[in-house]
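Peer 1: Quick one: the structure is below, questions incoming.
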Amino acid sequence: MVAHAGDTEGAAGVRVRLVGVSKRFGAIQALRGLTLSVHTGEILVLLGPSGCGKTTALRIVAGLEYPDEGWVELAGQVVAGPRWVPPEARGVGMVFQEPSLFPHLTALENVSFGLRGLSRSERLRRAHQVLDRVGIRDLADRFPHELSGGEQQRVALARALAPGPSVLLLDEPLSSLDPELRRRMREELRHILKEEGCTAILVTHDQEEAFAVADRIGVLSRGRLWQVGPPEEIYHAPACRFVADFVGEAEFLPGRVYDHVARTELGDFPCNGLPEGTPVEVMVRPAELAVEPSPDGPGVVVGRRFRGPETVYEVRLASGQVVRCRLSGDKVLKPGTRVRVWATSPRTVVFPAEGVDVAG
Ligand code: ATP
Numbered sequence: 035m036v037a038h039a040g041d042t043e044g045a046a047g048v049r050v051r052l053v054g055v056s057k058r059f060g061a062i063q064a065l066r067g068l069t070l071s072v073h074t075g076e077i078l079v080l081l082g083p084s085g086c087g088k089t090t091a092l093r094i095v096a097g098l099e100y101p102d103e104g105w106v107e108l109a110g111q112v113v114a115g116p117r118w119v120p121p122e123a124r125g126v127g128m129v130f131q132e133p134s135l136f137p138h139l140t141a142l143e144n145v146s147f148g149l150r151g152l153s154r155s156e157r158l159r160r161a162h163q164v165l166d167r168v169g170i171r172d173l174a175d176r177f178p179h180e181l182s183g184g185e186q187q188r189v190a191l192a193r194a195l196a197p198g199p200s201v202l203l204l205d206e207p208l209s210s211l212d213p214e215l216r217r218r219m220r221e222e223l224r225h226i227l228k229e230e231g232c233t234a235i236l237v238t239h240d241q242e243e244a245f246a247v248a249d250r251i252g253v254l255s256r257g258r259l260w261q262v263g264p265p266e267e268i269y270h271a272p273a274c275r276f277v278a279d280f281v282g283e284a285e286f287l288p289g290r291v292y293d294h295v296a297r298t299e300l301g302d303f304p305c306n307g308l309p310e311g312t313p314v315e316v317m318v319r320p321a322e323l324a325v326e327p328s329p330d331g332p333g334v335v336v337g338r339r340f341r342g343p344e345t346v347y348e349v350r351l352a353s354g355q356v357v358r359c360r361l362s363g364d365k366v367l368k369p370g371t372r373v374r375v376w377a378t379s380p381r382t383v384v385f386p387a388e389g390v391d392v393a394g
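According to this note's numbering, the sequence shown is numbered sequentially starting from 35.
So, in structure tokens, the structure goes:
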């Protein structure tokens, strides 16, 4: 682990804190009252669809944009809002979608370029150390055009890590890579950030990437933060329908609360104390819906997608709603087969139906 610039901390190890941060670009409200903390050594992933404000949040932390409202603290010091600390004095490193290396410098020179206040030999030692850390020590003397896209992005990561930034901001750092390399790099990126002891904020619109890299995920939509939590919590206990839908395949079964349970076409579910009579939607993941042939079953197979280790079946229920169920193994159910469908997990999540204000 390297010494981090500005090595003091805010309350309870909070390294980055955004409080009520809003930002407008003309008619577009890019961020709406964003409040968020990142702890020392934590990897926080901001996940959300295109245009939800992820990059704007990063740029505000980096000092490349001013917040209209709210403030930002780094290690307990206000750096944006009532007080302004310029980007170069924040000790923040950035990695962008494109590696943007200097084409006339080698990998080693690209990495050592930004290391100030060190002797030449110290700069080279540190540059070699981080190239080693990102797994390309043998490529130190190559120029960017002699490196693959993945290798160039490793150099960009090494360059950002080299000064030992207080916080590392990564804006879709894997999105220029092909899907297979991208999948492999996710785990490695997490490993590298943990080895370096980085506090990092990474933004992505890819939920699998978020699950693979994050300690905690913050889900953004239309400039608003809907939920922050560990990946498992975001997936299994989404706070709202948007989060449920965005982080994985989800089916929503309409129902109503009677006798303290949510009654749906696929049975009764715990209803989290919602008032009697409340219209609800019960979220179930397709992997948690079992299906089996049953001559008198209320469902009919209407579609089938083979995905190798599993098959996704589309089943039309008696109400007409079509739900997806995932089945592993080699059993094949032909379209038209009558089936029975049931939820296998007790972890279903119940939301009041859209437009229902339970508190009111
Ligand atoms: P993507 O995943 O597509 O990069 P994002 O979630 O990072 O999207 P932002 O880049 O933060 O989204 O943009 C949020 C909104 O603010 C978008 O509607 C965008 O068009 C708008 N926006 C961002 N920067 C500017 C700017 N400098 N001028 C005008 N509008 C902007």
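Even glycine gets a Cβ: it sits at the ideal position worked out from N, Cα and C. In this text, all values refer to a predicted model and were calculated from it rather than measured experimentally.
Can valine 237 be considered in contact with the ligand ATP, in the sense that its beta carbon sits closer than 8 Å to one or more heavy atoms?
Peer 2: Under cutoff, so the answer is yes.
Peer 1: Indicate whether arginine 66 and arginine 256 have their beta-carbon atoms separated by less than 9 Å.
Peer 2: Going by C-beta atoms, arginine 66 is nearer than 9 Å to arginine 256.
Peer 1: For lysine 365, name the three-state secondary structure that DSSP assigns.
Peer 2: Here lysine 365 sits in coil by DSSP.
Peer 1: Based on DSSP bridge pairs, tell me the residues matched to leucine 195.
Peer 2: DSSP lists no partner for leucine 195.
Peer 1: With hydrogens ignored, establish whether the beta-carbon of glutamate 242 is closer than 8 Å to any heavy atom of the ligand ATP.
Peer 2: No, since every heavy atom of the ligand ATP falls outside the 8 Å radius drawn around the Cβ of glutamate 242.
Peer 1: Here's a check: name, in chain order, each residue in its chain whose Cβ is nearer than 8 Å to the Cβ of proline 116, leaving out the five neighbours to either side.
Peer 2: These residues qualify, in order along the chain: Trp105.
Peer 1: Have a look at arginine 218 and valine 247 and give me their C-alpha separation to the nearest angstrom.
Peer 2: Going from the Cα of arginine 218 to the Cα of valine 247 covers about 11 Å.
Peer 1: Could you pull out every residue in the same chain whose Cβ sits closer than 6 Å to the Cβ of phenylalanine 385, ignoring the five residues on either side in sequence?
Peer 2: Arg275 and Glu315.
Peer 1: Based on the DSSP secondary-structure assignment, which residues constitute the bridge partners of glutamine 111?
Peer 2: Glutamine 111 pairs with Leu108.
Peer 1: Mind pulling the alpha helix (DSSP H) runs of 4 or more residues that sit fully within the stretch 64–109?
Peer 2: Entirely contained in the stretch 64–109, the alpha helix (DSSP H) runs reaching 4 residues are, in chain order, 88–96.
Peer 1: Look at tyrosine 292 and glycine 307 and say whether their C-beta atoms are less than 9 Å apart.
Peer 2: No, they are not a contact pair.
Peer 1: Thinking just about the alpha-carbon of each residue, which of Pro320, Val356 and Phe280 is nearest to the one in glycine 337?
Peer 2: Checked all of Pro320, Val356 and Phe280; the closest Cα to glycine 337 is Val356.
Peer 1: Alpha carbons only, please: which of Val375, Asp249, Phe286 and Ala96 is nearest the one belonging to leucine 203?
Peer 2: Looking at the Cα atoms, Ala96 is the closest of the given residues.
Peer 1: To the nearest angstrom, how far is the alpha carbon of glycine 282 from that of valine 253?
Peer 2: Near 13 Å, if we compare the C-alpha coordinates of valine 253 and glycine 282.
Peer 1: Name the one or two DSSP bridge partners that tryptophan 376 has.
Peer 2: According to DSSP, tryptophan 376 bridges with Ala324.
Peer 1: Does the stretch 358–375 come within contact of the stretch 320–337, defined as at least 3 CB pairs closer than 8 Å?
Peer 2: They touch, by the three-pair rule.
Peer 1: How many Å lie between isoleucine 77 and leucine 142 at the Cα?
Peer 2: Each residue's Cα considered, the two are about 26 Å apart.
Peer 1: Using a Cβ-Cβ cut-off of 6 Å (strictly less than) and excluding sequence neighbours within five positions of arginine 350, which residues of its own chain qualify?
Peer 2: Within the same chain, arginine 350 has close Cβ partners Val334, Val336 and Val356.
Peer 1: Tell me the start and end of each unbroken alpha helix (DSSP H) in the stretch 169–243 that is at least 4 residues and wholly inside, in chain order.
Peer 2: For the stretch 169–243, whole alpha helix (DSSP H) runs of length 4 or above, ordered along the chain, are 183–195 and 213–229.
Peer 1: Below 8 Å on the Cβ atoms is my guess for serine 17 versus arginine 51; work out the distance and round it to an integer in Å.
Peer 2: Limits of the chain in this structure are 35 at one end and 394 at the other, which puts residue 17 out of reach.
Peer 1: On the CB-based measure, 16 or more other CB atoms within 10 Å of its CB, does alanine 296 come out buried or exposed?
Peer 2: By the neighbour-count rule (16 or more Cβ atoms within 10 Å), alanine 296 is buried.
Peer 1: Measuring alpha carbon to alpha carbon, tell me which residue in Leu259, Asp249 and Arg258 is nearest glutamate 267.
Peer 2: Taking only the C-alpha atoms, the option nearest glutamate 267 is Asp249.
Peer 1: Flag phenylalanine 59 as yes when its Cβ comes closer than 8 Å to any non-hydrogen atom of the ligand ATP, and as no otherwise.
Peer 2: Yes.
Peer 1: Can you give the Cα-Cα distance for histidine 73 and phenylalanine 147, rounded to whole angstroms?
Peer 2: Whole-angstrom Cα-Cα distance: 29 Å.
Peer 1: Starting from glutamate 344, trace the beta strand (DSSP E) in both directions and tell me its first and last residue.
Peer 2: It spans 344–350 - the beta strand (DSSP E) in which glutamate 344 sits, taken as one unbroken run.
Peer 1: Could you compute how far the alpha carbon of glycine 231 sits from the alpha carbon of glycine 75?
Peer 2: Roughly 5 Å separates the two Cα atoms.
Peer 1: Taking all protein chains shown into account, decide if threonine 378 is buried (16 or more other Cβ within 10 angstroms of its Cβ) or exposed.
Peer 2: Its Cβ having fewer than 16 others within 10 Å, threonine 378 is exposed.
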